[in-house]
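What follows is a single structure, written as structure tokens, with notes after it.
In the numbering used here, the protein residues as written are 945 to 1153.
What follows is the structure, encoded as structure tokens:
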């Protein structure tokens, strides 16, 4: 269970959100600049809230000025919008980077159907393939939660549809809390067990903001 109850002062408004995520896909939906990515960054430890608490299972990751667990110790997978793959590393090295259990990395590549890309570099593969590699890398550390920041935004309709199916399949295999950021409403309805509508840093009960 991931519990988020945080505030953070931003340039045009104050982020003030409270929600929890069980072993489900929760969508953060809203326009650009509404605070969606900031929430992910606070959960991941990239950004620090002004106040509040973030708890993952039995571990407090952030609590006001008392606790701030660094990013490398949070055990949270993060797929960035641009995938952020290491360009000088092969697909295999991107996924296995820092792993002790290489057999799990091989299993991931098989499950995500990217074994044939093992020795290729990011510049040599398609957008949809980069997405699957980024997801594999995020799951390779066996995280307790997975964050996805608009991972389908740069894909064409056909590749995006395949990506949707892949994410739903991944969630069936690895039942962990997943937060997906998107501003595509149909995508949100298709993938989310719940949708949190975000506007100017606050969560609303429905899409009529």
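All C-beta atoms in this analysis are idealised placements derived from N, C-alpha and C, irrespective of residue type, glycine included.
As the structure is a prediction and not an experimental result, all values here were calculated from the model.
Item, Value
"Cβ-based burial, residue 959 [other Cβ within 10 Å; buried from 16]", "buried"
"Straight-line gap, residue 969 to residue 1123 (C-alpha atoms, nearest Å)", "6 Å"
"Local conformation of residue 1138 per DSSP, three classes", "strand"
"Neighbour-count burial assignment, residue 1020, 16 or more Cβ in a 10 Å radius", "buried"
"Stretch pair the stretch 998-1011 + the stretch 965-979: three plus CB contacts closer than 8 Å", "no"
"Three-state secondary structure assigned by DSSP to residue 1129", "helix"
"Whole-angstrom distance between residue 1039 and residue 1030, CA atom to CA atom", "10 Å"
"Delimiting residues of the beta strand (DSSP E) encompassing residue 999", "995-1000"
"Pair within 9 Å by beta-carbon distance, residue 1083 and residue 1092", "no"
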